[in-house]
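Take the sequence shown: its letter number 219 is residue 219 in full-length UniProt numbering, and every next letter is one higher.
Glycine included, C-beta positions come from ideal geometry on N, C-alpha and C.
Quantities reported herein were computed from a predicted structural model and do not represent experimental measurements.
Before any comments, here is the structure.
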Amino acid sequence: MSIKRKVAVLGASGYTGSDAIRLLARHPNVEISAVTANSHAGKPMNEVFPHFFVLDLPTLVEWEKVDWTRLDAVVCGLPHGTTQDVIAAVLKANPGIKILDMSADFRLRDNAAYAQWYGHEHRAPHLQQEAVYGLTEFYRETIAAARLVACPGCYPTAALLALMPLVKARLIDAGDIVIDAKSGMTGAGRGLKQNTLFSESGEGLSPYAVGTHRHAAEIEQELGVAAGAPITVNFTPHLIPMARGELCTCYVRLSGATVDDLRATLERAYRDEIFVHIAKEGVIPQTLNVRGSNYVQIGVFPDRINGRAIVIATLDNLVKGSAGQAIQNMNLMFGWPEATGLEQIALFP
Numbered sequence: 001m002s003i004k005r006k007v008a009v010l011g012a013s014g015y016t017g018s019d020a021i022r023l024l025a026r027h028p029n030v031e032i033s034a035v036t037a038n039s040h041a042g043k044p045m046n047e048v049f050p051h052f053f054v055l056d057l058p059t060l061v062e063w064e065k066v067d068w069t070r071l072d073a074v075v076c077g078l079p080h081g082t083t084q085d086v087i088a089a090v091l092k093a094n095p096g097i098k099i100l101d102m103s104a105d106f107r108l109r110d111n112a113a114y115a116q117w118y119g120h121e122h123r124a125p126h127l128q129q130e131a132v133y134g135l136t137e138f139y140r141e142t143i144a145a146a147r148l149v150a151c152p153g154c155y156p157t158a159a160l161l162a163l164m165p166l167v168k169a170r171l172i173d174a175g176d177i178v179i180d181a182k183s184g185m186t187g188a189g190r191g192l193k194q195n196t197l198f199s200e201s202g203e204g205l206s207p208y209a210v211g212t213h214r215h216a217a218e219i220e221q222e223l224g225v226a227a228g229a230p231i232t233v234n235f236t237p238h239l240i241p242m243a244r245g246e247l248c249t250c251y252v253r254l255s256g257a258t259v260d261d262l263r264a265t266l267e268r269a270y271r272d273e274i275f276v277h278i279a280k281e282g283v284i285p286q287t288l289n290v291r292g293s294n295y296v297q298i299g300v301f302p303d304r305i306n307g308r309a310i311v312i313a314t315l316d317n318l319v320k321g322s323a324g325q326a327i328q329n330m331n332l333m334f335g336w337p338e339a340t341g342l343e344q345i346a347l348f349p
């Protein structure tokens with residue numbers, strides 16, 4: 001029997017942290033050895049998340065009290081802005097530990113871009129330059145060799161998987177991309193906010209961060225790599241009154257290609273991928289097709305406007321959009337089969 005790797009979950013009282021625990025609890029190669037949440041320190045996990053009553057988990061502690069030297073990996077679900085200091089301290093205590101960061105603190109490669117989008121200078125720039133962007137299907141080799149992986153945001157994961165092969169193949173105009181994105185309420189976090197109260201969100205649909213959402217920076221960074229030049233996208237996110245799930249509808253201008261060309265290119269790009277599936281012609285992706293799973297479904301459709309197409313991608317924002325992709329990357333870093341612990345079929349209905 002192989003020795004299990006000892007893993008800690010930072011920010012275990014949040015939605016992404018709790019989903020990481022849900023998935024890691026059944027991972028055959030992992031032992032959850034520490035869970036942290038400074039505001040809930042001293043509590044059992046099943047007091048913070050009652051659905052964990054069946055699991056024997058460590059008691060929540062403050063992150064400063066964890067012995068990082070005895071751990072092999074950390075899945076970090078802390079908010080952006082605080083994560084960089086914590087991760088710097090963890091790596092100082094144990095330089096060999098592997099970090100899967102689900103915050104935004106290490107996703108942007110450019111220090112100036114980080115300061116522009118997040119309102120302050122990066123406090124661990126040496127680690128920012130070291131971090132590997134964790135879009136698994138495109139950076140597999142560098143992820144496997146990394147010690148710090150910056151897992152993408154949920155919106156960028158869906159949008160980039162739908163668009164990067166098309167931009168790289170020059171089949172669409174990279175300067176004319178409109179992304180209409182919608183996410184379940186867990187995308188707004190677990191903190192108490194007026195706009196996420198049931199009576200203010202339960203029967204409505206609301207756009208937010210219009211023209212200013214920070215995930216646009218990630219999307220533009222990676223599509224710019226695919227295009228070989230800087231690009232700007234039109235990106236607008238919305239909150240939908242459901243717990244989890246995400247759907248991105250991308251409107252694109254064709255560059256001498258057909259809708260069939262787009263679908264064929266995506267099929268070639270992902271034919272060997274475990275978790276990315278291209279829908280057959282006429283099949284419309286929907287959030288319930290992937291709910292609770294690490295799968296992504298992408299469909300391509302002709303627009304009524306000549307020379308344009310519509311590319312739709314759906315995923316679970318807490319799984320492939322966050323904790324699931326982190327674990328997928330962790331599997332690569334330890335040399336395990338990539339799908340280990342992640343082959344759950346979608347929960348439907």
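Query                                                                                                                                                                                                                                    : Result
Do the segment 293-302 and the segment 102-115 touch if we need at least three Cβ pairs shorter than 8 Å?                                                                                                                                : no
Per the DSSP calculation, leucine 10 is bridged to which residue(s)?                                                                                                                                                                     : Cys76
Taking the C-alpha atoms as reference points, what is the distance between threonine 236 and proline 152?                                                                                                                                : 17 Å
Under the three-state reduction of DSSP, which class applies to glutamine 344: helix, strand or coil?                                                                                                                                    : coil
Evaluate lysine 182 with the Cβ neighbour count: other Cβ atoms within 10 Å of its Cβ, from every protein chain shown; 16 or more gives buried, anything less gives exposed.                                                             : buried
State buried or exposed for phenylalanine 282, treating a residue as buried only when at least 16 other CB atoms are found within 10 Å of its CB.                                                                                        : Residue identity differs from the one stated: residue 282 is glycine in this sequence, not phenylalanine. Classification for glycine 282: exposed.
For the segment 15-32 against the segment 317-335, do three or more pairs of beta-carbon atoms, one drawn from each stretch, fall closer than 8 Å, so that the two count as touching?                                                    : yes
Considering only residues of the UniProt domain "Semialdehyde dehydrogenase NAD-binding" (6-146), which uninterrupted alpha helix (DSSP H) runs meet the minimum length of 4 residues and lie entirely inside it, listed in chain order? : 15-24, 45-48, 83-93, 111-118, 125-130, 140-144
Please report the distance separating the alpha-carbon of threonine 258 from that of alanine 279.                                                                                                                                        : 17 Å
Considering only the beta carbon of each residue, do phenylalanine 334 and arginine 5 sit closer than 8 Å?                                                                                                                               : yes
In whole angstroms, what separates the C-alpha of serine 206 from that of aspartate 67?                                                                                                                                                  : 43 Å
Taking the CB atoms as reference points, tell me whether valine 290 and leucine 262 lie closer together than 8 Å.                                                                                                                        : no
Between the C-alpha atoms of valine 252 and lysine 168, what's the straight-line distance to the nearest angstrom?                                                                                                                       : 14 Å
How do the segment 317-326 and the segment 7-27 stand: do at least 3 beta-carbon pairs fall below 8 Å, yes or no?                                                                                                                        : yes
Roughly how many angstroms separate the alpha carbons of leucine 171 and alanine 227, rounded to a whole number?                                                                                                                         : 11 Å
Apart from the five residues just before and just after leucine 127, which ones in its own chain have a Cβ nearer than 8 Å to its Cβ?                                                                                                    : Gln84, Ile87, Ala88, Leu91, Phe106, Leu148
Which residues does DSSP list as the beta-bridge partners of arginine 253?                                                                                                                                                               : Arg308
How far does the alpha helix (DSSP H) with leucine 166 in it reach, from first residue to last?                                                                                                                                          : 154-168
What does DSSP give as the partner residue(s) for valine 296 in the beta ladder?                                                                                                                                                         : Val276
So glycine 14 and threonine 36 are in contact, right, with Cβ under 8 Å, and what is the actual spacing, rounded?                                                                                                                        : Incorrect: roughly 11 Å between the Cβ atoms, too far for contact.
Counting only the same chain and skipping the five closest in sequence on each side, list residues whose C-beta sits under 7 Å from that of proline 165.                                                                                 : Thr265, Leu266, Ala269
Just tell me which of His80, Val74, Met102 has its CA closest to the CA of asparagine 94.                                                                                                                                                : Val74
Once the 5 residues before and after alanine 124 are set aside, which same chain residues still bring their CB inside 6 Å of it?                                                                                                         : Gln84, Ala88
In angstroms with no decimal places, state the Cα-to-Cα distance between alanine 174 and alanine 162.                                                                                                                                    : 13 Å
How about aspartate 72 and isoleucine 99: do their beta carbons lie closer than 8 Å?                                                                                                                                                     : no
Does lysine 4 come out as helix, strand or coil in the three-state DSSP assignment?                                                                                                                                                      : coil
Just to check my reading of the structure: leucine 288 and phenylalanine 198 have Cβ atoms closer than 8 Å, yes? What is that Cβ distance to the nearest angstrom?                                                                       : Their Cβ separation, rounded to whole angstroms, is 21 Å, which puts leucine 288 and phenylalanine 198 out of contact at 8 Å.
According to DSSP, is aspartate 316 helix, strand or coil?                                                                                                                                                                               : coil
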